[in-house]
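>
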Amino acid sequence: MHRRLASTLSVSLGAIALVLTAAAAQAKGSEAPLAAAEAKADKTLAQMTPAEKTVLTHGIMALPLGPTLPTLPEGAIWGAGFIHGIPRLGVPALTETDASLGVAYVMGMRKDGATGLPSGLSMASSWNPEALRKSGAMIGSEARAKGFNVLLAGGANLMRDPRAGRTFEYFSEDPLLTGDLVGAAIGGIQSNHIISTIKHFALNGQETGRKFVSSQISDPAARESDLLAFQIGIEKGQPLAVMCAYNKVNGASACDNDYLLNTVLKKDWGYKGFVMSDWGAVPSLETAIHGLDQQSGEQLDKQVWLDKPLAAAAAKDPAWAARLDDMNRRVLTSIYAAGLDANPAKPGGAIDFEADAKISGDIARQGIVLLRNEGGALPLAASAKRIAVIGGYANAGVLTGGGSSQVHGKDGPVVTIQSGEHTGFDALIAPTWQPSSPMQAIKALAPGATVTYRSGDVIADAVAQAKKANVAIVFAVKPSSEGFDQADLSLPYGQDELIAAVTAANPHTIVVLETGNPVAMPWLDKTAAVMEAWFPGARGGEAIADVLFGKVNPSGHLPITFPKSVDQLPRPVLDGYNEFEPNFAGDPPTPDARITADYNIEGSDVGYRWFARKGEAPLFPFGFGLSYTTFASTGLKTDGKTASFTLSNTGKVQGATVGQLYMVSQAGTPRQRLVGFQRVDLAPGASQKVSVTIDPRLLAEWKDGGWTIAAGDYTFALGSDAQHLGQPVKVHLSARSWKD
Ligand code: GLC
Numbered sequence: 207m208h209r210r211l212a213s214t215l216s217v218s219l220g221a222i223a224l225v226l227t228a229a230a231a232q233a234k235g236s237e238a239p240l241a242a243a244e245a246k247a248d249k250t251l252a253q254m255t256p257a258e259k260t261v262l263t264h265g266i267m268a269l270p271l272g273p274t275l276p277t278l279p280e281g282a283i284w285g286a287g288f289i290h291g292i293p294r295l296g297v298p299a300l301t302e303t304d305a306s307l308g309v310a311y312v313m314g315m316r317k318d319g320a321t322g323l324p325s326g327l328s329m330a331s332s333w334n335p336e337a338l339r340k341s342g343a344m345i346g347s348e349a350r351a352k353g354f355n356v357l358l359a360g361g362a363n364l365m366r367d368p369r370a371g372r373t374f375e376y377f378s379e380d381p382l383l384t385g386d387l388v389g390a391a392i393g394g395i396q397s398n399h400i401i402s403t404i405k406h407f408a409l410n411g412q413e414t415g416r417k418f419v420s421s422q423i424s425d426p427a428a429r430e431s432d433l434l435a436f437q438i439g440i441e442k443g444q445p446l447a448v449m450c451a452y453n454k455v456n457g458a459s460a461c462d463n464d465y466l467l468n469t470v471l472k473k474d475w476g477y478k479g480f481v482m483s484d485w486g487a488v489p490s491l492e493t494a495i496h497g498l499d500q501q502s503g504e505q506l507d508k509q510v511w512l513d514k515p516l517a518a519a520a521a522k523d524p525a526w527a528a529r530l531d532d533m534n535r536r537v538l539t540s541i542y543a544a545g546l547d548a549n550p551a552k553p554g555g556a557i558d559f560e561a562d563a564k565i566s567g568d569i570a571r572q573g574i575v576l577l578r579n580e581g582g583a584l585p586l587a588a589s590a591k592r593i594a595v596i597g598g599y600a601n602a603g604v605l606t607g608g609g610s611s612q613v614h615g616k617d618g619p620v621v622t623i624q625s626g627e628h629t630g631f632d633a634l635i636a637p638t639w640q641p642s643s644p645m646q647a648i649k650a651l652a653p654g655a656t657v658t659y660r661s662g663d664v665i666a667d668a669v670a671q672a673k674k675a676n677v678a679i680v681f682a683v684k685p686s687s688e689g690f691d692q693a694d695l696s697l698p699y700g701q702d703e704l705i706a707a708v709t710a711a712n713p714h715t716i717v718v719l720e721t722g723n724p725v726a727m728p729w730l731d732k733t734a735a736v737m738e739a740w741f742p743g744a745r746g747g748e749a750i751a752d753v754l755f756g757k758v759n760p761s762g763h764l765p766i767t768f769p770k771s772v773d774q775l776p777r778p779v780l781d782g783y784n785e786f787e788p789n790f791a792g793d794p795p796t797p798d799a800r801i802t803a804d805y806n807i808e809g810s811d812v813g814y815r816w817f818a819r820k821g822e823a824p825l826f827p828f829g830f831g832l833s834y835t836t837f838a839s840t841g842l843k844t845d846g847k848t849a850s851f852t853l854s855n856t857g858k859v860q861g862a863t864v865g866q867l868y869m870v871s872q873a874g875t876p877r878q879r880l881v882g883f884q885r886v887d888l889a890p891g892a893s894q895k896v897s898v899t900i901d902p903r904l905l906a907e908w909k910d911g912g913w914t915i916a917a918g919d920y921t922f923a924l925g926s927d928a929q930h931l932g933q934p935v936k937v938h939l940s941a942r943s944w945k946d
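In this note's numbering, the protein residues as written are 207 to 946.
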């Protein structure tokens with residue numbers, strides 16, 4: 207949905223640059239090319255009465271949460287939101303559900319279930335856009351089968367703080383990896399004739415005070431990092447809607463931010479879809495003039511601004527009337543580009559849950575990151591006689607993240623820990639487990655073994671089992687939820703002490719982490735092996751067991767840096783964390799409450815870029831991941847526009863790896879940026895030459911309203927992760943400047 211798409215879309219993956227015509231540049235599977243959708247929108251707009259012009263501009267949250275319990279209007283479905291249609295003109299209503307990880311469970315309100323994908327972090331650890339597209343196509347098909355025609359997916363915020371509560375939902379700390387993956391997911395979702403969002407635009411970096419924290423950042427730093435992630439995601443996925451964020455950016459609410467919405471998104475990037483607000487994120491009527499097109503979850507705001515007040519403004523001021531027409535044109539263009547009118551989504555559609563769960567399990571397997579494997583502790587021999595499984599409710603299932611993105615099957619969570627929040631959102635944020643038991647899966651793969659389970663609540667009990675076993679597997683969990691940031695990087699529930707005791711009792715101790723964030727590991731050197739399984743989704747237990755026993759060779763690579771301590775972060779203390787009581791909604795306790803998050807400290811050097819700038823070594827670097835085989839990446843050749851190199855499997859078993867190409871100096875100045883990547887699956891001894899196209903924006907600086915590549919020497923290096931880099935290759939580039 208983007209001017210740039212009408213010409214050339216360079217795919218940073220694979221070897222070719224695709225030239226897409228406007229016809230093909232539209233969202234995959236949409237009925238009408240972009241231009242035709244806009245023309246059809248104009249025709250409908252010309253027939254609309256003044257009253258009809260404030261139908262598509264606002265809607266309710268279709269849930270009994272917040273101040274008023276909506277009586278569900280005709281056609282609405284319990285879920286995130288509902289926007290009335292205009293039946294007289296054949297304009298369908300918008301039935302909206304969350305989110306990036308599947309059709310949200312919404313506390314069981316619909317008494318139905320959906321297939322939970324692994325967390326965004328898990329899916330991103332695959333570095334596999336094709337797997338993201340397939341996963342997006344799956345959750346989009348389930349949304350449509352349940353009658354939803356808008357999926358509020360596409361979380362594309364960079365992880366500026368590893369303690370942020372929605373880290374599990376998002377993809378990475380890098381704009382290229384995030385943009386490629388979120389774009390692929392959105393393309394998959396929209397292949398079902400439904401609308402996907404990309405969210406939360408922009409610089410939504412923490413949950414503490416999420417409605418009143420201001421992300422302070424210079425335009426160049428934003429353009430080279432968070433905004434670039436959205437720009438690439440929009441180019442690749444063509445989301446038909448953008449959701450603006452709760453937070454402020456440089457003092458102005460993101461949903462009331464003329465610069466972000468009108469200048470960056472609509473003018474510079476030529477975005478033709480519509481901007482919906484987050485739920486309860488609309489402070490005034492003026493948001494419409496500042497680029498907002500639709501007020502979502504209106505009962506959560508102080509007033510329904512984009513209905514009667516908007517109609518009154520349009521009735522007396524031609525500028526408002528023109529803006530109101532543009533708002534309708536944008537929503538209608540997206541409706542027609544997705545083909546919602548010609549392909550109405552109806553509840554009761556067929557869902558092949560077995561096939562869908564397989565898709566979830568496949569990407570979960572690719573997302574498991576092997577962090578440590580001493581002396582070939584893994585893979586486990588199926589001949590292991592006694593296996594002590596400890597903790598993490600591994601006998602029951604796998605942990606999932608809390609908040610609007612939470613997905614469960616029709617029977618709901620198998621384990622729930624009461625969160626004590628008691629504001630009506632309790633069921634939404636409480637830690638819950640999906641019923642895919644790692645222990646059952648381990649038993650199935652080691653039929654001859656005695657597999658015991660202990661909760662780990664009583665350490666001595668767990669230790670006694672560990673002493674008797676050939677191998678002890680400790681499942682360590684760290685819940686995470688929208689609305690709440692983590693206090694620090696430590697594991698909760700005394701699990702550090704449990705792991706220390708078990709490793710002392712049995713040197714063959716394996717730790718399986720199910721976390722929504724990077725965590726500290728004080729016991730790391732005492733373990734035989736550690737894997738990060740994240741929140742692994744509807745078939746997470748089977749995925750973990752398959753990797754433990756080598757049915758699947760681990761191939762995940764970290765999409766986020768694991769710091770040694772918070773002291774390594776740009777902001778060791780998370781802004782506002784000690785001053786403000788956490789609450790899900792994030793409303794300010796007093797009208798003058800303020801939090802400032804100074805992102806200018808790191809600027810566009812987020813994550814590994816910050817560690818490179820500071821010359822610090824993290825606990826585990828961005829891009830890190832071990833395998834049961836070994837790989838080499840050699841033969842880098844590049845002219846700064848494309849690059850080619852060879853990946854080889856130098857070990858004894860089939861495995862997949864991710865070739866990572868980094869810029870390591872920019873016009874003579876040290877600066878690290880991921881500029882290309884490619885996942886390949888190789889048989890033992892096999893090699894594959896890959897080539898990537900380098901997006902010039904990754905080499906450039908943003909200045910004077912455009913991109914500039916300064917003349918000079920640029921060096922590039924292959925990496926097995928952001929810290930372990932090969933010989934750099936130097937390229938001299940001439941000066942170049944251009945506008946988006
Ligand atoms: C939430 C989230 C957003 C979600 C929306 C609807 O508070 O911030 O991601 O899509 O409200 O549930």
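Every residue gets a Cβ at the ideal spot worked out from N, C-alpha and C, and that includes glycine.
(1) Between the beta-carbon of ASP702 and the beta-carbon of PRO724, is there less than 8 Å?
(2) CB GLY792 to CB GLY722, shorter than 8 Å?
(3) Find the nearest neighbour of ALA889 within the set THR836, THR658, GLU441, judged by alpha-carbon distance.
(4) Hey, how far is the Cα of ASN355 from the Cα of ILE400?
(5) Look up TYR814 in the DSSP assignment and say whether it is helix, strand or coil.
(6) Does LYS858 pass the burial test, meaning 16 or more other C-beta atoms within 10 Å, or should it be called exposed?
(7) Apart from the five residues just before and just after ASP507, which ones in its own chain have a Cβ nearer than 6 Å to its Cβ?
(8) In terms of alpha-carbon separation, which member of MET533, VAL758, THR469, LEU446 lies closest to GLY887?
(9) Kindly provide the ranges of any alpha helix (DSSP H) runs that are 4 or more residues long and lie completely inside the stretch 783 to 859, ordered along the chain.
(10) To the nearest angstrom, how far is it from the Cα of LEU433 to the Cα of ALA408?
(11) For GLN253, count neighbouring Cβ atoms within 10 angstroms of its own Cβ and tell me buried if that reaches 16, exposed if not.
(12) I want to check one thing, is the minimum distance from the CB of SER540 to the heavy atoms of the ligand GLC below 7 Å?
(13) Only counting runs of 3 or more residues, tell me where the beta strand (DSSP E) segments fall wholly within the stretch 457 to 542, in order along the chain.
(14) Look at the alpha carbon of ALA228 and the alpha carbon of PRO239, and state the distance between them as a whole number of angstroms.
(15) Could you check whether the stretch 312 to 332 touches the stretch 376 to 387, counting it as contact only if at least three pairs of C-beta atoms, one from each stretch, sit closer than 8 Å?
(16) CYS450: which of THR384, ARG819, PHE436, PRO797 sits nearest, CA to CA?
(17) Am I right that LEU576 and PRO765 are in contact with their C-beta atoms under 8 Å? What's the rounded C-beta distance?
(18) Tell me, please, which residues DSSP counts as bridged to TYR659.
(19) My output table needs one value for GLU375: the three-state DSSP class, helix, strand or coil.
(20) Quick check on DSSP: helix, strand or coil for THR956?
(21) Quick check: the Cα distance between ALA527 and ALA494, rounded to an integer number of angstroms?
(22) Can you give me the Cβ contacts of GLU430 inside the same chain, cut-off strictly under 6 Å, excluding the 5 residues immediately before and after it?
(23) Could you give the distance in angstroms between the alpha-carbon of GLY479 and the alpha-carbon of ASN712?
(24) Would you call GLN929 buried or exposed, if buried means 16 or more other Cβ atoms sit within 10 Å of its Cβ?
(25) Just mark TRP913 as buried or exposed, buried being the case when its beta carbon has 16 or more other beta carbons within 10 Å.
(26) What number of angstroms, rounded off, separates the C-alpha of GLY846 from the C-alpha of VAL937?
(27) With DSSP collapsed to three states, give me the class of PRO368.
(28) Based on the DSSP output, what are the partners of LEU300 in its beta bridges?
(29) Anything with a beta carbon under 5 Å from a heavy atom of the ligand GLC counts; list them all in chain order.
(30) Does the stretch 240 to 250 come close enough to the stretch 508 to 527 that 3 or more CB-CB pairs lie under 8 Å?
(31) Buried or exposed: where does GLN624 fall if 16 or more other Cβ atoms within 10 Å of its Cβ makes it buried?
(32) Mind the definition here: the stretch 381 to 401 touches the stretch 437 to 449 only if three or more C-beta pairs lie below 8 Å; say whether that holds.
(33) Check whether the stretch 284 to 295 and the stretch 339 to 348 touch, using three or more Cβ-Cβ pairs below 8 Å as the test.
(34) Enumerate in chain order the residues of its own chain whose CB-to-CB distance from GLU504 is below 7 Å, with the five nearest sequence positions on each side excluded.
(35) Give me the Cα-Cα distance between ASP663 and GLY597, rounded to the nearest whole angstrom.
(36) In chain order, what are the residue ranges of uninterrupted beta strand (DSSP E) at least 3 long that sit wholly in the stretch 889 to 936?
According to the structure data:
(1) no
(2) no
(3) THR836
(4) 5 Å
(5) helix
(6) exposed
(7) GLY486, VAL488
(8) The identity of residue 887 in the sequence shown is Asp, whereas the question assumes Gly. The residue with the shortest Cα to Cα distance from ASP887 is VAL758.
(9) 814 to 820
(10) 7 Å
(11) exposed
(12) no
(13) 480 to 482
(14) For ALA228, the predicted model reports a pLDDT of 36, less than 50, meaning its position is unreliable; a value from the coordinates is still stated below. Answer to the nearest angstrom: the Cα atoms are 7 Å apart.
(15) yes
(16) PHE436
(17) The Cβ separation is near 15 Å, so there is no contact.
(18) VAL595
(19) coil
(20) No statement about residue 956 is possible, as the shown extent of the chain runs from 207 to 946 and does not include it.
(21) 11 Å
(22) SER810, TRP908
(23) 58 Å
(24) buried
(25) buried
(26) 6 Å
(27) coil
(28) ILE289
(29) ALA286, ASP304, LEU358, ASP484, TRP485, SER610
(30) no
(31) exposed
(32) yes
(33) no
(34) HIS264, GLY265, ILE266, VAL510
(35) 8 Å
(36) 893 to 899, 907 to 909, 912 to 915, 918 to 925
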